[in-house]
Each structure stands twice: as structure tokens, then as C-alpha cells.
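Working notes, beginning with the structure itself.
Protein chains: 2
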Amino acid sequence: MSSPIDYSSSRGRASGERGAGAPAGHRAAHSGGAHCGSALPARASGPPYLGGPAHSTRVPTPSWPSGILVSKMLLLQRVAVSGLRVSRFDRLIVPKLGPHVCFASDPSHLQNPKPHFSNGSTPSGYWAAAGTLLGIGAVLAYENHREKAAENSLPVYTKAEVSRHRSLETRVWVTLGREIFDVTDFVAIHPGGPSKLLLAAGGPLEPFWALYAAHNQPHVRELLAEYKIGELSPDEEKSSDLVSSDPYASDPPRHPALQINSQKPFNAEPPLELLGESYITPNPLFFTRNHLPVPTLDPATYHLQVEGPPGGKTLSLSLDDLRRFPKHQVTVTLQCAGNRRSEMAQVKPVKGLNWGAGAISTAQWGGARLRDVLIQAGHSPSGPEAHVCFEGLDCDPTGTAYGASIPLARAMDPEGDVLLAYEMNGQPLPPDHGFPVRVVVPGVVGARHVKWLGKVSISTEESPSHWQRRDYKGFCPSVDWDKVDFDSAPSIQELPVQSVITEPRKGQTIEPGEVTVKGYAWSGGGRAIIRVDVSLDGGLTWQEAKLEGEAQAPRRAWAWQLWQITAPVPTELKELNIICKAVDDGYNVQPDTMAPIWNLRGVLSTAWHRVRVQVAS
Amino acid sequence: MSSPIDYSSSRGRASGERGAGAPAGHRAAHSGGAHCGSALPARASGPPYLGGPAHSTRVPTPSWPSGILVSKMLLLQRVAVSGLRVSRFDRLIVPKLGPHVCFASDPSHLQNPKPHFSNGSTPSGYWAAAGTLLGIGAVLAYENHREKAAENSLPVYTKAEVSRHRSLETRVWVTLGREIFDVTDFVAIHPGGPSKLLLAAGGPLEPFWALYAAHNQPHVRELLAEYKIGELSPDEEKSSDLVSSDPYASDPPRHPALQINSQKPFNAEPPLELLGESYITPNPLFFTRNHLPVPTLDPATYHLQVEGPPGGKTLSLSLDDLRRFPKHQVTVTLQCAGNRRSEMAQVKPVKGLNWGAGAISTAQWGGARLRDVLIQAGHSPSGPEAHVCFEGLDCDPTGTAYGASIPLARAMDPEGDVLLAYEMNGQPLPPDHGFPVRVVVPGVVGARHVKWLGKVSISTEESPSHWQRRDYKGFCPSVDWDKVDFDSAPSIQELPVQSVITEPRKGQTIEPGEVTVKGYAWSGGGRAIIRVDVSLDGGLTWQEAKLEGEAQAPRRAWAWQLWQITAPVPTELKELNIICKAVDDGYNVQPDTMAPIWNLRGVLSTAWHRVRVQVAS
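Read top to bottom, the protein sequences are chains A and B.
Just so we're aligned: the first sequence equals residues 133 to 749 in my numbering.
Just so we're aligned: the second sequence equals residues 133 to 749 in my numbering.
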């Protein structure tokens, strides 16, 4: 996919990189003090950029500069990196820290796809906290170096060379514009935690700064300058292995934080540590599930065909026509039927993309109600049982388009909130999410939310599409490919109750004392999450987590709840087997284990989510 | 409760009872042959009276008459008792048996509360099968004794004495009218299986014959006459310990097959072997959950108060007024929130009646739509969020009535089918089920189906009733009575998916070869059952059962599905750990185990149902 790499050049420079990035003398002076005061809540909530709490992460020890300042650096690390430790150390070391915040407020010169929130504000104060922590980290680490600009003659690297520096072992390089930085020694003191900075390792910072604009401040840029080690080759072009005959040649660029399960078609999920931080998932991080190449559609000529009843007319609606219907906005969580398939595959192999637990995301969608459009096309709001069939404009080489259907009653239900959406978090739909128009069917499996919508029709039968009739169905665990009868099972519409732990991560080592467990929970059909139970001991005992979602109308709980709980780590345990399970308002629960719900397509993977972590001794 | 028993009289007769009941010579001639032909399907479905297949029951061996006819009796036993064996033996022994049925057709002189079925016919041919099997058993066993009427001078017993004869060890006595019969030697050859005849042991046959009218035929009466051993004391009166000050003094008589969990208030469930045999539960067997004494209401003066909107009128509707609304009929399964509580209590004690798995039943209800009545009272069909509050006419000594509420949107939903019911299976409501009017809320926990309905009102808040706000809620397993906050959990409305094995029964010994497993499955909220998985090996492997319920409208699957599966008994197993689990059309599933859903009130007990049985070697 990328051009050949000149290994010798980067290898040859390995011993010099550390010094080039941040000479000991420079870094030793970082702890000069906060000039703006500080704002560290006793139990700091993490920022969702390259940030967020990472108190339970064991940070590999970098090689610190020697001298008297090392102890101050360690103090800084403790304060900035560990939310948990802060709650104990701040009483000893920084008892006067209060909610006095200082950070630059004008990030507008960087692209900022800040989502539009239904309540008009940013969610949960997360982004403010991000800026706050970043301010502290940057200021403490950097203050005395404001004037420095070490622009010497530095080496030139290719992007491929940069991309090989993605870990503490290989050094952590990032780029901003044409500049290359070795931020290895900043990873441990990154205010949001090492793991989130590492998401950007080996590539550009811009996609992350675009999401979390608090980074784009003068003092952060100056801090970064300290770590500069080189520049990108000026003659390097955007690498591409796409050829004109490739049907995926027009696929859009994607955010580098996405974890890719399949490149063609593109299927990817956000990392859980970002997903779990934000009630609204930023558009670039929203999980992407494409079945076919992304079609390139011209909004000026786009028309949606909506068939009327037998003998009636067919509407051909331009984007402007759709915008003339009353605009309806609703916050909806979409989940792929295959979310968490990788866990089910551990029981026995299944066919399907190897999704982790991130094939789920939440956005505020805006558009016309499907109900209004169907009535306009001449359909009765209360007709006999039927199906609304959707056809996408994405096609396979034979011209077969993606398709799916939902029951007409759901489309016509005034409380069903089914949309023909043209906005996602206040922006036009991104290409990967159906530009210019997609269906949004709240409470229903993602597969029915047809993207790049071309046609809507009513039928007495379900969509004849492969994806409606020969996929996305559940079966008895004894049914494998040799004897499956797809007609014997109903197509998945509403999904069962689901929950996942987003923090801590599997295999992490946490500190003794207290642990904070975070996650998401959601159920289909508009059923609200009423409770999430968390166990630290493999299910022997349970505690109730705190739900943090927005208030939702009865029967219309279309969006997930984020949840968290901070609990004492049982002193006798060296390993925690953390489990979460959710309950919805029909008092539906998740099954204990995966094997009894195994099915050949690996869908409906909703058993208790389990994360094992070690307790540091 | 009953008068003192003269033990000496019955003990003194013990040695003579067997002979008095059925002298060896009489019984030895039972196998004279079928005079009407026979109708044994290759895989006979069991009758739901004192009948039904019991092929998996090990019948204690009675003392058989000696002689050449014993082998024929054993053959009869095999044919009549074991549906499974029939499927194999009929090829060897009775290959010509066809669907030629003979049994008397006029049971009308016995009370027959035969339910009215929605499709106008009896369900699943069960009752016809009952008559068929009974005809065979009776005819084969009895033919040559039609003329006999051994009316000698027989002893007199009290009801209390009869009631002590309820097992093969103590002999099995039953009464019909004033006559007493020792049917011990007929138990093993009872066509429907021994266990169902034993339900009537120690008491009158009439309540069972009233349900399953095929028994009331001349040849059955004559067969019975052979076993007559005595008569009931003519001066015995109906025993009663009720005194005038007892608030339960007016409670109605109940069917003796009901298994009583609480006498005052009356709470009882049908035995699973009867419950699982019939899609429609006969009224006398319908589980009864009373919170207070049964009120005695005069239908001529009964009026239902229906409050209008603020400033509006209050309707006072007589029974005739209610009947003038369009009559709506719907088949609905009701389930107590505490069904299967006894299993949850094994994890850790809970508060509540010790229900088995029979606190669930199905009836066809007829009445006025609550929606129509509310609109008549002046309420808008699409108002703001509110609750419909119901008040019963059953009161505790302080005058507090039973009460509950449901969301107004459910009541107003044209597809919600919420009724003010005055009919149950085509009959006026029985006193225990709310005569003359109860609420029926399809898909919702039984506690909201308020009986003996006195008042309906709309409120912005839920019913203030104890049973709405301080009961019937689920909590985290860690919440016990010392720290429960009832306000923290929503009141149960829709119930989660449930399934139960009704056959075989726990502890039974089954024959090697094949086993038939039967049961019921249901889910709340109108969600249809789409699959029931059955395991014979404790959950290692699963097979899909066959569903046998009636077709239901989408989103309105208000009634359960009965299911069954016949599968080979794994030859290596000496014990089967049979499990069932159901899936509804939201692909909701049951949890594996009970401990993680334990709650202090023992509600929502929906973990996999498990039945261990032994395999005969």
C-alpha cells in the first residue's frame, strides 16, 4: 500500500533521535511551575482528545534526565497522568489547587468539526476538562521555553519512516504539517494519559487536534517545537495504491484512530478509550460499516425516488425538496449486529468481520421524517401490514445495490422517529455515513439504516436483498453452515440489551486502592437502560454503576447511556475479572456467557462483557 | 379445618379395601378387547384432562392379577400410557390402529366450562385426543363388565377419610357424587398417564370431569363402578372453618388441582402437567393471584367510575353500559412477576409467595377497549405523557384497595388491546379473576391487570398504591432490605422473555431411547417467541424445539407459545440435565443462571429452566 521504506536511514539515526527530540537540559526545566493556577478536581474526569484519565495505566518508565528536577518531573507525572493518584496526592502536594482555569480559547483557525449537541452545549464538560488538563500539562512542562525555536538543519524523513515509530520501544513520532516530532518522553506526562497520545503515534496530529480543538493553542505548539526532530520529505506525495479500475478508488480519507477491520469495503471502529469518553461520537470516529464502495454523489443532482401506492405517482425528491419537510432531530445510537463478534468467535469460528466492542456509536441526526415523506407520496398512515424497502446507491460490480427493509408500522409510528437524515451532528453526512441521505431507524440494527439512499418503496414482503433475507439473522447454536435455513429465522430488527466496559482495558495493570470502571449500555426498540451492574470478582458480587446519559422520552430511548463506577479494589485480589451487565426497562438482561448464544454469523453478541486486569502490588 | 377423623374405621378396613374396590376376578377380565376400534396416532399427543402422555414416568408396579390376562394388561399399559412407546410398539402390536374414533358425545349433563376459542374450535385437537385415548383405555379395560353393577352393602366413609388415600402406598381413592372408588389398580393403566389421575386422588372427580368432559361417558362410569368400595357419609356437611368475621368467608370454592401457595389471600397455580397441555388454560385452572379477600359484587348494581379530564365529568358505567362498547376479544397470557420465585429463593431467601413455574396462564378475554372508554369519558387519544390508574373493589381492613397503573400511551394505543374485560374464555369472569370486570393489559406483568375494577382515572403520576411503588420492581443483586430504595427502580410493566419445561418433571425417571420435552414460552410487550432451544446435557449442546402456538399479529404476540421436541436420549447419559431457553423477536434471551438476577422480592425469575431426570437402565 505504501512506497518502499528506507530502513537504513531511520535505523542509522536511532541513537541520535532521543537527543534530537528533547535534549535533557530542555526537559529538565519543564517543571518551572504553573503560571495560570490550576484546576484539578479531586477526582479528575478525563478529556476525550488525546486525553482522558489513565490513572490505571502502568506507564513504562522512560529514561529521565538526571538531576534535581527529576523529582519534580515525577511529581508532574503523578499529578497530570493519574486521576486516581491526584485524589490522594493533591491533599499532600497541591492542596491549594482550585477550579481556576487557564487555557487559550481560540482554536478556530484549525478545522473543528465540533458536533452540534441537542441541548446546545458540549457534553458533560468533557472538552473543557480536556483543555484544562492540557493547559496544566503544557504549562507546567513548558513555561520556561516559550522563546525557544530550535530551527536548525534537521533530517528529512518519509511518511513511511515516521509510521514505524509508534511505540515507546521504537520511539513515538508524530507529525504536524511538515514537521516531525519525537514525543516519546512526553507520552508519560501527556495530561490525558499515554494511551490516547499513542493513538496518534506514527502519523499526523491534525486528525486528533481537529476533533479535540483544545490542543491547538500557542503554548502547546511551542511545547511541541521542543520535540522536533525533522521534516517530511518535500517531494513526498500522498501515497496511494488505488488504480482507476479499483471500485474503491473514490473512497474518502478516514481518521487514523479508527481500527480497521476491512479496507475494501471499509469497515472500522473507534478505539474504546475514545468511544467511551463522549456521549456523542465525533463524526470522524463514528464506526463505519460499508458493504460496498462509497458512491460519489453530487448533491446538486441527487434525487430520491419514493414510490407511491399502486397506481399512484413516484416522488423524485431533491435534497432541497427533502429539506422542505419539517426538520426533525433525534439522537440515536447505531449498533452493528456484529458488534463484539470477536468475542463470540472465541467460542467457535464464525463468518463475519472481526469486530471488537466498538461497532456502535451515537450521533444527533437531522432530516425529514420518513412518515411525512411516505404520506406525501400518497401512503396511508394506517394501512395493512407491509414493509418499507430501501435501496442504496452503492452497488457491487453486477449493479446490485445494498438494500434492507423495516415494517411499515414502525415507519408510520409518530413516535418511531424514523428519519431520512441529511445531517449528522449538525454537519452534512460524511461520505462514509451516507452522503447525502441515509435512513435512520432508531432502536433498530444498523443494517437497516440504509446509506446513500436511492429509492424507497412499500411492499407486502421484506426487501429481497441478500442482507435482509440471507444475513443478519440469529440461529440456534447447533445450526452451522451445512444446515442453515435462513427463511426459518426473522430478520433482525430491534436489538437486545447490550453493555461494554470501555475502561480499564483488557490486560491493563491498575493501582491498588480504587478503580474506576466506565462503559456504555444500550437496548433496542426504544427501551431505556435502567441499570448497569458491575462485578470486580467475576460475577460473585455486583455493584450498581452510575448512569450518565441524557434524559429520554418514554419508549423512545434511542441513544445509549454512558456509565461509570469507582469502587475499592478488593485487597485480596491480584487480578480483577471485571464484568458489566445492563438491564433495560422491559427488565431484559444480558446472558451470562457467549457459547449458548453462538450463531454462525456471529451476530447478537451480547453476553456479559468481561475485562481482566492485574492489580499492581 | 376438618372434623376429627375416625382412624380406626379406615384402618380396620384396610385389608379389605383392595378386594372391595376391584376383586381380582373382575380386573382380570378387563382386557377383553376394543369394541369400537381405536385411534392411536403414531406419536400420540396427550390429553389434558386426567390424561396426557406420561411415557417418561416410571409407574410403580401395582399387584397385578395373576393368569394369562396379565400379559394383555401389560400390553394395554404400554399402548395406553406411553405415547413414545406407542410410536414403536404400534408397528409391532397394533399396526392396524387408525384414526377411527369412538366415544360418547353427550357430556352435557355434567357442568362443562368448555372455553370459547378464538377460532371457534377446540385447541390442537387435544380434547378429541383425550376422548380417544380414554375411550381405548376404558373400552379395553372394561368391555366385558358392562352389565355388572355390584351394589352390595358397602361401608361409609367421611371426606376426611377419603382424603387420606392419595398415593399408591395408601391406595388411591376418588369420589363421584356420593360414591367412593379405589382406583389404585387403574392408575397404571390410566390412558392419560398415572400422574394426571393422581391429581384427583383423595377427592372428587367432578372438578376434573367438568374440565375434560370426555370422561363423562357411560362406559367410563361403568368402569368406575367396578372399583367402588363405599359411600360418603350421608350426614356429612361441607366442612368449613370460616366464621362470619373472617374477611375471606366469601371467597369462592376452588379447583382441587390448584397448588395453593397461600389460602388467605388465595394464591394458587395449576400443576405444570396440566398447564402445559392446553394453549388455553381452563378457567378453573387459571393461576390465581389475590392480594386481598375476593369481594362479592352484584352485577345488577355494579358500576365502574371513569374520571374524565380535569373539569370534566365522571362516567358511571353499569355492566350493560360496558357491553354497549364495541366488544373486543384477545387471547392474552398473564404472568405473575413472581413466577418461578421458588427457584430464585434457592440462591438466597426472598420475600414473597413461593411460586413454582405455574404462575402463568392464558385465556381469551372479551370486553370493551379501555381506549374507547377513556375517549368516551373525554380524554384525548394523544395527550401528554400520563398514567391510567386503576382501583380494585377488594379492600384490606383499613379500606385500602388494590391499585396499579399503566402508561396512558399504552392504554390509548389502538394496537395495545388493553381491555376492560367482562368475559374469560366465553364465560363471565370467575370470582377469583375479577368478576364482574377486570383490566387486561396484554404484554404486561399480571399485577397491573386490576381485578374487581372500581375506578379508572388519569394522573400525571403513577398509582400511589403500595403495589405500584413499593413492590414489583427489580434491583441489583447487592440490594437487600436494609438498603433498598424503591424509588430508584421503575415499576415492572413489560416482562422479559421466559420459558419453562412442563414435561418431564423434575426427578422423574425416563426410559432410554427417546424423550419428549414440552413447555411454554412467552415474552412481554407483544414480542413473539421466535425460538426455543433445548439442551439435554446441561447446556453443552442445543436443539430447536417445535413451536405450537397460534399465529399472532406482529407486535401483538400477547399469548404464549407451547413447544415440544422429541429427541434421542444420549446413550452415555444416566441423568439428563434438561434446559430450555427462549428467544423473542427482539432477539432477547434468558440469562443462564439465577444468582446474577437475584432480587430481594424474587421477581423476574427468568434464568434458564432446568429439570434433572434419571434414565432407566
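We put the CB at the ideal spot given by N, CA and C, even for glycine.
So, are the CB atoms of residue i and residue j less than 8 Å apart?
i                      : j                      : result
residue 431 of chain B : residue 568 of chain B : yes
residue 657 of chain B : residue 681 of chain A : no
residue 337 of chain B : residue 307 of chain B : yes
residue 574 of chain A : residue 715 of chain A : no
residue 492 of chain B : residue 508 of chain B : no
residue 654 of chain A : residue 465 of chain A : yes
residue 767 of chain B : residue 518 of chain B : For residue 767 of chain B there is no data in the structure shown, the boundaries of chain B being 133 and 749.
residue 472 of chain A : residue 482 of chain A : no
residue 288 of chain B : residue 362 of chain B : yes
residue 536 of chain A : residue 522 of chain A : yes
residue 557 of chain B : residue 495 of chain B : yes
residue 497 of chain B : residue 572 of chain B : yes
residue 444 of chain A : residue 510 of chain A : yes
residue 747 of chain A : residue 705 of chain A : yes
Whose Cβ in chain A lies nearer than 9 Å to the Cβ of residue i?
i                      : result
residue 610 of chain B : 665, 673, 674, 675, 676
residue 338 of chain B : Correct list: empty, because the minimum Cβ distance to chain A is about 41 Å.
residue 709 of chain B : Here the premise fails: no neighbours, minimum Cβ distance about 14 Å.
residue 758 of chain B : Here chain B covers residues 133 to 749 and nothing more, so residue 758 of chain B does not appear.
Output needed for residue i: all residues of its chain with C-beta closer than 7 Å, excluding positions within five of it in sequence on either side, in chain order.
i                      : result
residue 618 of chain A : 601, 602, 605
residue 687 of chain B : 547, 658
residue 184 of chain A : Reliability of the predicted coordinates at residue 184 of chain A is poor, the pLDDT of 34 falling under 50, and the value obtained from them is presented with this limitation in mind. So the list reads 178, 324, 325, 328, 405, 409, once near-sequence residues are dropped.
Can you find the residues in the same chain that come closer than 6 Å, C-beta to C-beta, to residue i, ignoring five residues on each side of it along the sequence?
i                      : result
residue 698 of chain A : 646, 648
residue 427 of chain A : 525, 526, 584
residue 449 of chain B : 436
residue 729 of chain A : 723
residue 738 of chain B : 628, 630, 722
residue 190 of chain A : Unreliable positioning characterises residue 190 of chain A in this predicted model, as indicated by a pLDDT of 38, which lies under 50. The coordinate reading is nonetheless provided below. Cβ within range, chain order: 641.
residue 226 of chain A : Confidence in residue 226 of chain A is poor, its pLDDT being 31 and thus under 50, which makes the residue's placement unreliable; the coordinate value appears in the next sentence. No residues qualify anywhere along the chain.
residue 666 of chain B : 649, 675, 677, 697, 712
residue 439 of chain A : 446, 589
residue 298 of chain B : 333, 334
residue 425 of chain A : 379, 380
residue 339 of chain B : 387, 388
Can you name the residues of chain B whose CB is closer than 8 Å to the CB of residue i?
i                      : result
residue 713 of chain A : 728
residue 579 of chain A : Under the 8 Å cutoff, chain B gives no residues; its nearest Cβ is about 13 Å from residue 579 of chain A.
List the residues of chain A whose Cβ lies closer than 7 Å to the Cβ of residue i, in chain order.
i                      : result
residue 724 of chain B : 723, 724, 725, 728
residue 717 of chain B : 622
residue 736 of chain B : 719
Got a sec? Which residues, its chain only, sit under 8 Å from residue i by beta carbon, not counting five neighbours each side?
i                      : result
residue 651 of chain A : 408, 631, 632, 633, 634, 635, 664, 677, 694, 695, 696, 712, 741
residue 454 of chain A : 436, 499, 500, 505, 552, 554, 569
residue 594 of chain B : 519, 521, 537, 600, 601, 623
residue 577 of chain B : 467, 468, 469, 604, 624, 625, 626, 627, 656
residue 732 of chain A : 482, 483, 607, 611, 612, 613, 616
Could you tell me whether the Cβ of residue i comes closer than 8 Å to any Cβ of chain E?
i                      : result
residue 732 of chain B : Judged by its chain identifiers, the structure shown contains no chain E, and its protein chains are A and B.
Which chain B residues sit within Cβ distance under 7 Å of residue i?
i                      : result
residue 656 of chain A : 718
residue 517 of chain A : 686
So which residues of chain A does residue i contact, with C-beta pairs closer than 8 Å?
i                      : result
residue 628 of chain B : 718, 719, 720, 721
Just the chain B side, please: which residues come within less than 9 Å of residue i by C-beta, in chain order?
i                      : result
residue 436 of chain A : Those do not exist, as residue 436 of chain A stays about 27 Å from chain B at its closest Cβ, beyond 9 Å.
Taking a cut of 7 Å between CB atoms, which residues from the stretch 378 to 393 of chain A lie near chain B? none
Which runs of the beta strand (DSSP E) at least 3 residues long sit entirely within the stretch 563 to 651 of chain A? Give them in chain order. 570 to 572, 585 to 591, 630 to 635
Ordered list of beta strand (DSSP E) runs contained in the stretch 446 to 522 of chain B, each at least 3 residues: 446 to 450, 459 to 467, 492 to 501
Chain-ordered residues of the stretch 579 to 607 of chain B with a beta carbon less than 7 Å from chain A: 606
Using a Cβ-Cβ cut-off of less than 9 Å, give me the residues of the stretch 522 to 541 of chain A that come near chain B, in sequence order. 539, 541
Could you give the uninterrupted runs of the beta strand (DSSP E) lying entirely in the stretch 366 to 432 of chain B, keeping only those of 3 residues or more? 391 to 394, 399 to 401
Complete runs of the beta strand (DSSP E) confined to the stretch 524 to 560 of chain B [at least 3 residues]: 533 to 539, 551 to 556
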